[in-house]
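K.L.:
Below: one structure in structure tokens.
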Amino acid sequence: MTLFVRPTARLTLLALPLALTAALPALAQSANSGSNVTVYGRVDLGAGRYAQDIKSSEDTKAMVQDSSTARLGFRGTEDLGGGLSAFFNLEHRFKADTGVQDGVMWKDKAFVGIGHKQFGSITLGRISSPGDNNGIAGRYEAFGGDSLASNGSRGAKLVAKWDNTVYYQAPRWSGFSFGAAVSEASATQRKRVSGIQADYIQGPVLASVTYQTDASATDDWKTLALAGTYDFKVVKLMGIWAKSSDLNVANNGEQTVLTLGAQIPAGPGQVRVSWQKRDDNAALGSAAERRLGLGYHYPLSKQVSLNLSLAHHGYRKGTVDNGVMQYETAVRYNF
Numbered sequence: 176m177t178l179f180v181r182p183t184a185r186l187t188l189l190a191l192p193l194a195l196t197a198a199l200p201a202l203a204q205s206a207n208s209g210s211n212v213t214v215y216g217r218v219d220l221g222a223g224r225y226a227q228d229i230k231s232s233e234d235t236k237a238m239v240q241d242s243s244t245a246r247l248g249f250r251g252t253e254d255l256g257g258g259l260s261a262f263f264n265l266e267h268r269f270k271a272d273t274g275v276q277d278g279v280m281w282k283d284k285a286f287v288g289i290g291h292k293q294f295g296s297i298t299l300g301r302i303s304s305p306g307d308n309n310g311i312a313g314r315y316e317a318f319g320g321d322s323l324a325s326n327g328s329r330g331a332k333l334v335a336k337w338d339n340t341v342y343y344q345a346p347r348w349s350g351f352s353f354g355a356a357v358s359e360a361s362a363t364q365r366k367r368v369s370g371i372q373a374d375y376i377q378g379p380v381l382a383s384v385t386y387q388t389d390a391s392a393t394d395d396w397k398t399l400a401l402a403g404t405y406d407f408k409v410v411k412l413m414g415i416w417a418k419s420s421d422l423n424v425a426n427n428g429e430q431t432v433l434t435l436g437a438q439i440p441a442g443p444g445q446v447r448v449s450w451q452k453r454d455d456n457a458a459l460g461s462a463a464e465r466r467l468g469l470g471y472h473y474p475l476s477k478q479v480s481l482n483l484s485l486a487h488h489g490y491r492k493g494t495v496d497n498g499v500m501q502y503e504t505a506v507r508y509n510f
């Protein structure tokens with residue numbers, strides 16, 4: 176990856192790794208180092224009745240399909256001494272119902288980095304963008320972004336994965352942390368994009384704010400996202416608001432998405448509810464979507480769970496006004 180940055184941006188990017196490399200002399204003081212590599216993954220398949228194309232019809236079909244995308248990953252860390260460590264993560268995604276690869280080989284992530292307890296971490300590679308990593312992450316959605324009843328596309332037009340990226344993540348101070356990232360231009364990304372994020376974790380409260388720019392081969396836009404959860408013990412409430420603007424070459428398009436949810440302990444598992452409202456302005460065709468998901472998460476062990484889902488999806492644009500009810504029973508195995 177080659178970075179071409181303005182002088183001020185170049186100084187900013189250089190300052191972060193320099194702070195980390197200042198800790199390198201501590202390596203000489205450490206006689207022992209520890210490293211570990213973990214293989215992990217998931218297979219999550221459901222049987223049910225699913226909508227085929229809500230935008231054009233109300234047809235449903237009985238199928239077996241992924242309840243959430245299957246994955247196989249490798250991650251590792253090595254203690255370099257003096258508070259310094261190195262890490263990497265590779266994660267492949269595929270369709271478990273057919274065995275077909277989902278997108279590029281390492282679709283979810285492919286990165287390596289250096290971190291320090293006092294200075295934070297620098298990560299290089301294919302990484303979740305600031306908005307995806309923090310602002311609209313699964314921890315803010317009742318189903319964790321998985322299962323038929325979950326609500327995806329929570330970040331409006333936000334791009335979830337960035338290639339050719341440098342990501343700095345600060346350590347956490349009194350519950351607060353922040354991060355910043357830059358992704359270089361490519362054949363499918365017409366210009367360099369960037370983003371920032373900040374979050375707060377303390378007791379029952381989790382909150383975040385993110386802002387990022389994104390680009391395609393022909394257009395660029397920006398997205399602001401706010402998210403939060405509060406755990407009352409008897410119920411955990413959560414919500415995400417995201418707005419993408421300057422869509423279209425004319426910069427006159429907007430999409431706004433609101434996602435609200437709750438997790439309620441019930442018996443050995445959880446009742447989960449998620450509702451989403453998505454609206455496009457006139458420049459994008461004035462489309463509106465509403466989704467309501469209801470489900471029950473039943474853990475059979477620490478790694479295996481049964482997930483029941485019932486979801487209604489409504490879509491309205493012009494003369495089209497469709498609504499579909501779907502259901503699913505899924506088995507998820509994490510390893």
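Read left to right, the sequence shown gives residues 176 to 510 (this note's numbering).
We treat Cβ as the ideally placed atom computed from N, Cα and C, and that holds for glycine.
1. From what residue to what residue does the beta strand (DSSP E) around residue 440 run?
2. Below 8 Å, how does it come out for the region 226-233 and the region 249-258: are there three or more Cβ pairs, yes or no?
3. How many angstroms separate the CA atom of residue 464 from the CA atom of residue 321?
4. By how many angstroms is the C-alpha of residue 262 removed from the C-alpha of residue 459?
5. Exposed or buried, what is residue 307 when buried is set at 16 or more other beta-carbons lying within 10 Å of its beta-carbon?
6. Answer with buried or exposed for residue 177, where buried requires no fewer than 16 other C-beta atoms within 10 angstroms of its C-beta.
7. Suppose contacts are defined by Cβ-Cβ distances below 8 Å. Is residue 486 in contact with residue 468 by that definition?
8. Check whether the region 338-353 and the region 297-311 are in contact - that is, three or more C-beta pairs closer than 8 Å.
9. Residues in the same chain with beta-carbon distance under 8 Å from residue 267, minus the five sequence neighbours each way, listed in chain order, please.
10. With a cut-off of 8 Å on the beta carbons, I'd call residue 390 and residue 311 a contact; round off their distance for me.
11. In chain order, what residues of the same chain lie with their CB nearer than 6 Å to the CB of residue 240, ignoring the 5 residues before and after it?
12. Per DSSP, what kind of secondary structure is residue 463 in: helix, strand or coil?
13. Thinking C-beta only, is residue 385 closer than 8 Å to residue 397?
14. Between residue 316 and residue 449, is the Cβ-Cβ spacing less than 8 Å?
15. Could you please give me the residues that DSSP links to residue 299 through a beta bridge?
16. From 453, 407 and 399, pick the residue whose C-alpha is nearest to that of residue 327; which is it?
17. On a Cα-Cα basis, can you pick out the residue from 221, 231 and 252 that is closest to residue 212?
P.N.:
Looking at the atomic coordinates:
1. Element bounds for residue 440: 428-441.
2. No contact exists between the region 226-233 and the region 249-258.
3. Residue 464 and residue 321 have their C-alpha atoms spaced approximately 19 Å apart.
4. 42 Å
5. buried
6. Note that residue 177 has pLDDT 38, beneath the 50 cutoff, so the model's placement of it is unreliable and no number is given.
7. yes
8. yes
9. 246, 247, 248, 276, 280, 281, 282 and 283
10. Not a contact, Cβ separation roughly 19 Å.
11. 272
12. strand
13. No. Outside cutoff.
14. yes
15. Residue 299 has 287 and 341 as its beta-bridge partners, per DSSP.
16. Of the listed residues, the one whose Cα sits closest to residue 327 is 453.
17. 252
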